[in-house]
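A short worksheet on the structure shown next.
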Amino acid sequence: MKKVFLFILLLLVVSACSVNNDEQDSSSAEENNKAAEVPEVQVEFEHEPIPINEETTIQASVTQGGEPVPDAEYVEFEIWNSEDGQDSSETFEAKHTESGVYTITHSFAKEGTYQVIAHTQVDDLHTMPQNEVAVGQQADASGHEHGDHSGKFMVHLMTDQTFKAGEASTLTTHINHMEEPFSEALVRYEISSDQMEKHMYIDAEEKEPGEYTANYTFPESGSYTINIHYEKPAEEIHAHQKENIEVVQ
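Residue numbering for the sequence shown follows my numbering, starting at 11 and increasing by one per position.
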């Protein structure tokens, strides 16, 4: 009789442990799913159109799973005049103010239409929404509409790491098309420098939607040009963007 009682007690203990483990697994799965959600970024301007030669506030509200994100790894605003092109862009680091809101103050010295990308990194997830904004009366009269960026690509090479000669470096690029990750594309890095006899071509692999990485060991210190080629032949898309980096000894 005692053996039967002990056997039943053992079954109850095992069953309770199993339920507890299932609950823990379920809780862990929910946390992982929440962590995997791509952060959402809403960019807002203090004025539209923005006055010329006056300090104005630009803010990005960052949420993930519907909750504010007060501890993003970084939020950076990349800004350039549409006529001058992205090669003329400047990048400004935003500061967290409250409840997932990150802001900068900026003065625009030239009238026209500007592009503003909010590069946002939360854990291992990156998003980079692009907005168009008018500055001055000339831009207001030009007929550009806020948020009209159909067909536009946003290409961002991550350069916040230290590239060292003789050590393997990871090249990471995020590509968005019409504010959505540009997935399942053919992406390769064309690497050139005065320190190299010929250009090197390195195929990139898509790790996350719209995120393409490749490893490369720079042979010498100095300035390098990274030409990012991205294409979808079936859709007749083939474009590239050049970035410059410095490699240290």
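The C-beta atom is built at its ideal place from N, Cα and C for all residues, glycine as well.
For residue 47, the three-state secondary structure derived from DSSP is coil.
Beta-bridge pairing by DSSP links residue 218 to 221.
Note that the C-beta distance between residue 181 and residue 226 is below 8 angstroms. The beta carbons of residue 233 and residue 258 sit no closer together than 8 angstroms.
Residue burial is scored here from C-beta neighbours: residue 171 has fewer than 16 other C-beta atoms within 10 angstroms and is therefore classed as exposed. Sequence-distant partners of residue 185 (beyond 5 residues in either direction) whose C-beta falls short of 6 angstroms from its own C-beta, in its chain, are 165, 192, 220 and 240. Where residue 163 is concerned, the enclosing beta strand (DSSP E) starts and stops at 163-167. Per DSSP, the continuous beta strand (DSSP E) segment holding residue 143 begins and ends at 140-145.
By the Cβ test, the stretch 123-140 is in contact with the stretch 46-53, since at least three Cβ pairs between them sit closer than 8 angstroms. Following the DSSP letters along the chain, one finds residue 210 inside the beta strand (DSSP E) bounded by residues 210-213. DSSP places residue 92 outside both helix and strand once states are collapsed to three, so it counts as coil. Take residue 195, set aside five residues on each side of it, and the residues of its chain with a beta-carbon closer than 8 angstroms to its own are 185, 216, 222, 240, 241, 242 and 247, in chain order. The beta carbon of residue 178 sits closer than 6 angstroms to the beta carbons of 225 and 227 from its chain, once the five residues preceding and following it are set aside; these are given in chain order. Spatial neighbours of residue 99 in its own chain (CB-CB distance under 7 angstroms, excluding positions within 5 residues in sequence) are listed in chain order as 88, 89 and 90. Going by C-alpha positions, residue 253 is about 15 angstroms away from residue 211. For residue 144, the closest alpha carbon among the candidates 86, 204, 238 and 56 is that of 56.
Residue 105: member of the beta strand (DSSP E) spanning 105-108, first to last residue. For residue 78, the beta-bridge partners assigned by DSSP are 73. Excluding residues up to 5 positions away in sequence, 214, 222 and 240 lie with their Cβ nearer than 6 angstroms to the Cβ of residue 197 in the same chain. Residue 65 sits in a strand when the DSSP states are folded into three classes. Between residue 102 and residue 86 a beta carbon distance of about 7 angstroms is seen, short of the 8 angstroms cut, so the two are scored as contacting.
If you draw a straight line from the Cα of residue 77 to the Cα of residue 107, it is about 16 angstroms long.
In the three-state scheme derived from DSSP, where H, G and I count as helix and E and B as strand, residue 203 is classed as coil.
Going by beta carbons, residue 92 and residue 124 fall inside the 8 angstroms limit.
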